[in-house]
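**Student:** After the C-alpha cells below, expect a handful of questions from me.
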Amino acid sequence: AQTVTQSQPEMSVQEAETVTLSCTYDTSESDYYLFWYKQPPSRQMILVIRQEAYKQQNATENRFSVNFQKAAKSFSLKISDSQLGDAAMYFCAYCRGNQFYFGTGTSLTVIP
Amino acid sequence: DARVTQTPRHKVTEMGQEVTMRCQPILGHNTVFWYRQTMMQGLELLAYFRNRAPLDDSGMPKDRFSAEMPDATLATLKIQPSEPRDSAVYFCASGLQANYGYTFGSGTRLTVV
C-alpha cells in the first residue's frame, strides 16, 4: 500500500523567511502524481502545487516550489518570503489512478 | 471561481439519528470523492464515483454509511444510525483527472452526541 509520511507535525517560520516542509512516500510505481494541499483555519483544502513523477523539473508556483527526488521518494515544499496568510496545515498527497493518499499534515505557524 | 458546495457546514445530531450530507460538484467534473478527516486518522477516503457510478467504497462502514449520486449535480453521504465515533469533518472533492488535482469543498463538521 502507498504511504505518505510527513515527519514534521509542526513548523514555524518568521515572516519573510523561507521554510521547507518535508514529505516522503512509499511506492513501487513509476508513474504517479504528487501534490501539496493547504488547509487554513477556514477548513477549505486548497491545492498549492503539483508534480508529475515523469517530469524531472521541479514544479514552481510563485513563492511555492518543490524539491522532487524520485529515487529517494522525497517531495518537499519550499515556501519563500513567508506571509501571515501562509499559516495553515499543509498536506502532502500521492496520487495514482484516481486514488489519493494523504500524509498526516504539518502545521505551519508564521511569526510576525 | 468554480466551487464544490457542501451542505450543511455544521451538523450536531443525537446518536442514532440519520444524517445526510450533500455535495454539489463542479459542473462538468466526472469524479467525486468523499473523505473523512479526524485528528486521529487524518484524511480517509470513504468512497468515490466516476460518471455517477460508485468505483470504490471500501473505506466506508457498509452497515451504516451509504453514498449515492442521484444525478451529476448531487452527491450524498448518509449515516444511519449515527454514532459518536462518526464525529468528524466530511469533505467532498471533485475533478476530471487526477493529474490536475481535485477541488475540495469546505466540508461538513459533524458532531454526534
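As given, the protein sequences belong to chains A and B, one line each in that order. Heads up: the first sequence begins at -10 in our numbering, then just goes up one per residue. Heads up: the second sequence begins at 264 in our numbering, then just goes up one per residue. Positions of the beta carbon are idealized from the N, C-alpha and C atoms, including for glycine.
Kindly indicate the opening and closing residues of the beta strand (DSSP E) around residue 319 of chain B.
**Tutor:** Unbroken beta strand (DSSP E) run through residue 319 of chain B: 316 to 319.
**Student:** For residue 1 of chain A and residue 333 of chain B, I'd like the C-alpha separation in whole angstroms.
**Tutor:** Using only the alpha carbons, I get a separation of about 45 Å.
**Student:** Using Cβ-Cβ distances below 8 Å, what residues of the region 36 to 54 of chain A are close to chain D?
**Tutor:** Among the chains of the structure shown, chain D does not appear; the protein chains present are A and B.
**Student:** Using the rule of at least 16 other Cβ atoms within 10 Å of the residue's Cβ for burial, across every protein chain shown, is residue 275 of chain B buried or exposed?
**Tutor:** Counting Cβ neighbours within 10 Å, residue 275 of chain B comes out exposed, since fewer than 16 surround it.
**Student:** CB-CB under 8 Å to residue 337 of chain B, same chain, minus the five flanking residues each way: which ones, in chain order?
**Tutor:** Same-chain partners within the cutoff: 285, 286, 287.
**Student:** Less than 8 Å between C-beta atoms, sequence neighbours within five positions excluded: which residues of the same chain meet that for residue 82 of chain A?
**Tutor:** Answer for residue 82 of chain A: -7, 23, 24, 25, 26, 89, 90, 91, 92, listed in chain order.
**Student:** Within the same chain, show all residues whose beta-carbon is closer than 8 Å to that of residue 40 of chain A, passing over the 5 residues directly before and after it, in chain order.
**Tutor:** The residues are 22, 23, 24, 47, 48, 55, 57, 64.
**Student:** For residue 283 of chain B, I'd like the list of residues in its chain whose CB is within less than 7 Å of its CB, leaving aside the five on either flank, ordered along the chain.
**Tutor:** 339, 341.
**Student:** Taking one C-beta from the region 308 to 318 of chain B and one from the region 363 to 373 of chain B each time, how about it: are there three or more such pairs within less than 8 Å?
**Tutor:** No contact exists between the region 308 to 318 of chain B and the region 363 to 373 of chain B.
**Student:** To the nearest angstrom, how far is it from the Cα of residue 76 of chain A to the Cα of residue 4 of chain A?
**Tutor:** Cα to Cα, residue 76 of chain A sits roughly 10 Å from residue 4 of chain A.
**Student:** Within 7 Å of any Cβ in chain B, is that where the Cβ of residue 83 of chain A sits?
**Tutor:** Closer than 7 Å: no.
**Student:** With 8 Å as the limit, tell me which residues of the region 57 to 89 of chain A have their beta carbon closer than that to any beta carbon of chain B; keep them in chain order.
**Tutor:** If the cut-off is 8 Å between Cβ atoms, the region 57 to 89 of chain A has 80, 84, 85, 86, 87, 88, 89 near chain B.
**Student:** For residue 345 of chain B, which residues in chain A fall below 8 Å Cβ to Cβ?
**Tutor:** Within chain A, no residue comes near residue 345 of chain B; the closest Cβ sits about 20 Å away, beyond 8 Å.
**Student:** Give me the chain A residues within the contact set of residue 350 of chain B, using Cβ-Cβ distance strictly less than 7 Å, ordered along the chain.
**Tutor:** Going along chain A, no residue has its Cβ under 7 Å from residue 350 of chain B, so there is no contact; the nearest lies around 15 Å.
**Student:** In the structure shown, what three-state DSSP assignment does residue 361 of chain B receive?
**Tutor:** Three-state result, residue 361 of chain B: helix.
**Student:** Let me know the secondary structure DSSP gives residue 348 of chain B once reduced to three states.
**Tutor:** In this structure, residue 348 of chain B counts as helix in the three-state DSSP scheme.
**Student:** Whose CA, out of A:6, A:-4, A:-5, lies closest to the CA of residue 105 of chain A?
**Tutor:** Chain A is shown from -10 up to 101; residue 105 of chain A falls before or after that span and cannot be answered.
**Student:** What does the Cβ neighbour count give for residue 303 of chain B, buried or exposed, with the cut at 16 atoms within 10 Å?
**Tutor:** Residue 303 of chain B comes out exposed.
**Student:** Can you pull the chain B residues whose beta carbon is under 9 Å from the beta carbon of residue 33 of chain A, in chain order?
**Tutor:** Result: 367, 368, 369, 370.
**Student:** For chain A, check one thing: does any of its Cβ atoms lie closer than 7 Å to the Cβ of residue 290 of chain B?
**Tutor:** No, residue 290 of chain B lies away from the interface with chain A (no Cβ there is under 7 Å from its Cβ).
**Student:** Would you kindly work out how many angstroms separate the C-alpha atoms of residue 348 of chain B and residue 62 of chain A, rounded to a whole number?
**Tutor:** Those two C-alpha atoms are separated by around 34 Å.
**Student:** DSSP on residue 23 of chain A, reduced to helix/strand/coil?
**Tutor:** Three-state result, residue 23 of chain A: strand.
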